[in-house]
Each structure stands twice: as structure tokens, then as C-alpha cells.
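Peer 1: Below: one structure in C-alpha cells.
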Amino acid sequence: MRRRPDRSMVDSLLRGVYALGWRVAARIPDRVAEVIIAAGARLATAAGSAALATWRHNVTVLTSRPCPDDLVRRGVASYLRNFHQVLALARWSRAEIDRRVVLINDAALRAALDADGAVVVLPHSGNWDLAGAWACLNLRPVSTVAEELGEGEFAAFVKFREGLGMEVIAHTDPNALSTLIAAVKAGRLVCLIGDRDLAGSGVEVTWRLPYGKTATTRMPAGPAVVARRTGAALIPAVTRFAGRGLEVVLGDPVEHRPGRDGLVAMTQQVCDFFAAELPQQPEDWHLFQPFFPAEAAA
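Taking this note's numbering, I'd label the letters of the sequence shown as residues 1 to 298.
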């Protein structure tokens, strides 16, 4: 009978893999990385997987159109590009980070940081780590919540993000909410991923699709809770690749509303922004987990 690998051995291996990647990735020229990524995307698309089938469904619903293999390849390439950049990011200079990031519609965010603070909520799109690194250098230190996967992987990414100036809180931490509230009050910029409902306690929203269609899904209300309890502006954003750089598209601040219905309405407004922006470049939405109901693509 085959023995399963020891958990500590797997964690140690993961730490080693990421440590090697963070040393090497920044030395790979963009053109070489692009060739490797394109080849990897072709192979992964041809091989197929349950994760890619789920991504294809998500994008089919998102765009209200069948998702062809060419779009799947671009989606895998975008994901691999994100992964390569994350590994390279730890060794990029400030000038390199600044060169790659452009903010669009950022006046409200800057005004909020000079007033009661800001909570920026993003989907799994583009490269949110690069956006966070840019924010730490140019706006305020960032506090964020990360999904706690395997111990080795989580520890490696916490160390990486802390090296960029971010405070990282595990999504399983029972004190996550109070820590985020304290971060806003301390003048930090809180950035939270807001499409996938990791805790299973999110609110139901209506995702408005092209051609007048809709789909029901669930999104976390945590960003709205933090904003309301601190008075901070709740600002939706989407990051997407542009050439070899990254655009960070910011929406207008979400109106604060009281009560449970208010949380739903605030989260719905975030949902509306995501639904409007993500179809413009669907390959950059790196959500390989179920999001829309299975019947939504019918």
C-alpha cells in the first residue's frame, strides 16, 4: 500500500520551491517568460482538468457566451503570468514596480486615505499582489486577508507579502475583523478579495450578465462590515494586465447603508462593479473554484 507523503515533508518542499522561485524568477527576461508561459498554457489547455472546466463555466456565465479553447489558453497564460510576477516581485526595485502599475480613477481613494480611511475590495483578477506592493510604496501600508491553504504555502506567502510591507491575516483567524478595524484606525489601507465567499457566511447578490441575463451567487460582506464600523470608504477595484503592466481600475465609493439590508445593498454595489468590469478582459479573472450555479450557463 502506497504511503501518503508526510505533511511536514510537503510543507518543507513547498517552502523550498517558493524560496527557489523567488530567487530565480526576477532574473528571467519578460520575453523568455512569455514564451514559457505560452507553452505552458497550450499544454494545460490540451490536457484539461476539473479546475479548467470550472473556470470555463465561470467565464461562460460571466460573458454569456461559450468559452472557446483560445480564451481558456489566454486564461491559463494570465494565471501563469500572475504566478511568475509574484515570484519575481520580491526582487523588483521600486522603479520596476512603479513602471508596471497604473491607477485609473484614483482621486476618491486618495481623498479617503486623507480622511477616514479606505477599504478596497477586489476580485481574483490580474495581479493583486503587485497592486498591493505598489500601494505600500506609494499610498499606505496594506493590511489584507489571505486564504489559509497548506501550512507551508501559507507561511511562504505570508513571509513574501510581509517583505513587501503588507500585514497578512489568515481567513480562519477569529480576530480577523477586529484586526482589520484596528488597521483602518491606524491609517493602513485595507485591501480585501471580495468575489469568493471563503467563510460561507456571505450574502446573496444578483450578478448582472450581458444581454440582460442575471445569475445569483454569494459574496462576502466583510469588506462592507469593516467600512461601516470604521467610517472608511468602501471602494471596489479590478486589476487587469495591460501590455507588460497592470491597470488598477477603481470604482466610485459605495454608499454606506445601515442594517443587514444595508450590508446586502453595499455588497450588491460591489458586485455590480465587478460584473461591469470583469467581462472586458475575462481571461484575467483567476477564479478556478465554483462561483456561479451550474445551471446559470443554460
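Glycine residues also receive a C-beta, built at the ideal position from the N, C-alpha and C atoms.
For E277, which residues of its own chain have a beta-carbon under 7 Å away from its beta-carbon, when the five flanking residues on both sides are left out?
Peer 2: V238 and V249
Peer 1: Under 8 Å between the Cβ atoms of V304 and V190?
Peer 2: Residue 304 lies beyond the range of the chain shown here (1 to 298); nothing can be said about it.
Peer 1: With C-beta atoms as the reference, is M166 less than 8 Å away from V145?
Peer 2: Cβ atoms of M166 and V145: not closer than 8 Å.
Peer 1: Pull up the distance between the alpha-carbon of G251 and that of S78, whole angstroms please.
Peer 2: 23 Å
Peer 1: Which full runs of the alpha helix (DSSP H) of 4+ residues lie inside the segment 81-124, going along the chain?
Peer 2: Qualifying alpha helix (DSSP H) stretches, in chain order: 94-100 and 107-113.
Peer 1: State the DSSP-derived secondary structure class of F241, mapped to helix, strand or coil.
Peer 2: strand
Peer 1: Leaving out five residues on either side along the sequence, give the residues of the same chain with a beta carbon under 7 Å from the beta carbon of E147.
Peer 2: H171 and L198
Peer 1: Given a cut-off of 8 Å on the beta-carbon distance, is the pair R100 and I37 in contact?
Peer 2: Contact annotation: R100 and I37 have beta-carbon atoms that are not nearer than 8 Å.
Peer 1: If you reduce the DSSP assignment to three classes, tell me which class E247 lands in.
Peer 2: strand
Peer 1: Does the beta-carbon of I104 have 16 or more other beta-carbons within 10 angstroms, so that it is buried, or is it exposed?
Peer 2: Result: exposed.
Peer 1: Should G231 be labelled buried (16 or more other beta-carbon atoms within 10 Å of its own) or exposed?
Peer 2: Taking all protein chains in view, the Cβ of G231 is surrounded by fewer than 16 other Cβ atoms within 10 Å, so the residue is classified as exposed.
Peer 1: Report all residues from its chain with a CB closer than 7 Å to the CB of R56; omit the five preceding and five following residues, and keep chain order.
Peer 2: Take R56, set aside five residues on each side of it, and the residues of its chain with a beta-carbon closer than 7 Å to its own are C67 and V72, in chain order.
Peer 1: According to DSSP, is L278 part of a helix, a strand, or is it coil?
Peer 2: helix
Peer 1: So, for S64: in the same chain, excluding its five sequence neighbours on each side, which residues have a beta-carbon less than 6 Å away from its beta-carbon?
Peer 2: In chain order, L209, P210, Y211 and K213 place their CB closer than 6 Å to the CB of S64, counting only its own chain and leaving out the 5 sequence neighbours on each side.
Peer 1: What whole-angstrom Cβ distance do G132 and L246 have, given they're in contact under 8 Å?
Peer 2: Not quite, the Cβ-Cβ distance comes to about 11 Å (not below 8 Å), so this is no contact.
Peer 1: Exposed or buried, which one is Q269 when buried takes at least 16 other CB atoms within 10 Å?
Peer 2: buried
Peer 1: So what's I37 in DSSP terms, helix, strand or just coil?
Peer 2: helix
Peer 1: Beta-carbon within less than 7 Å of R42's beta-carbon, same chain only, minus the 5 sequence neighbours each way: which residues are those?
Peer 2: Within the same chain, R42 has close Cβ partners R73.
Peer 1: Among A47, A90 and D114, which residue has its Cα nearest to the Cα of V76?
Peer 2: Comparing Cα positions, the closest option is A47.
Peer 1: Report the residue from A296, F160 and P290 whose alpha carbon sits nearest the alpha carbon of A53.
Peer 2: P290
Peer 1: What does L287 pair with, by DSSP beta-bridge criteria?
Peer 2: Note: L287 sits in no beta bridge, so no partner.
Peer 1: Between which two residues does the alpha helix (DSSP H) carrying T63 extend?
Peer 2: A50 to T63
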